[in-house]
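Q:
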């Protein structure tokens, strides 16, 4: 080998790798909050879409549709109340906790899309708490950040 074709020394390679690892470790710490935000957004988007679908299914098929939350299994089910046919079965992250409030974790959409009960379900994602409220009448619902406590 000629003198002009020498490589890097071990110390130089280790220095560059150390700097790279330090910079990349900062990226890992900044990704975690984004992951939590995406997890929360995905859960609420899917849940709302599934509930709207269940409501539309009840109207279009003239059937009673029941929604079950199974918090110990981290999933929820939407099924036909009369024949038991499962329409939607969805799992969600173990970071998400669902608990009943003034509304039990099971309710029905009637054949005309109205909900059979009204009230609230509480959802905790990490340290943030949310209240999903179902209104009496037309089966409308909304989610708000719970500021109580």
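Numbering (UniProt numbering), first residue to last: 1 to 149. Glycine included, every Cβ here is placed at the ideal spot set by N, Cα and C.
(1) Checking the sheet assignment: what are the DSSP bridge partners for residue 73?
(2) The beta strand (DSSP E) that contains residue 102, what's its start and end?
(3) What distance in whole Å lies between the Cβ atoms of residue 122 and residue 146, which are believed to be in contact at a cut-off of 8 Å?
(4) Whole angstroms is fine: what's the gap from residue 60's alpha carbon to residue 53's?
(5) Give me the Cα-Cα distance between residue 23 and residue 13, rounded to the nearest whole angstrom.
(6) Following the continuous beta strand (DSSP E) through residue 119, name the residue where it begins and the one where it ends.
(7) Specify, as a first and last residue, the run of the beta strand (DSSP E) that residue 133 falls within.
(8) Hey, out of 64, 76, 72 and 40, whose CA is closest to residue 116's CA?
A: Reading it off the structure:
(1) Residue pairing by DSSP places residue 73 in no beta bridge whatsoever.
(2) Secondary structure note for residue 102: it is in no beta strand (DSSP E), with a DSSP letter that is neither H nor E.
(3) Between the beta-carbon of residue 146 and that of residue 122 there is about 7 Å, and that keeps the pair under the 8 Å contact cut.
(4) Those two C-alpha atoms are separated by around 10 Å.
(5) Rounded to whole angstroms, residue 23 to residue 13 spans 16 Å at the Cα level.
(6) Segment 119 to 125, the beta strand (DSSP E) holding residue 119.
(7) It spans 128 to 134 - the beta strand (DSSP E) in which residue 133 sits, taken as one unbroken run.
(8) In this structure, 64 is the residue among 64, 76, 72 and 40 with its C-alpha nearest to the C-alpha of residue 116.
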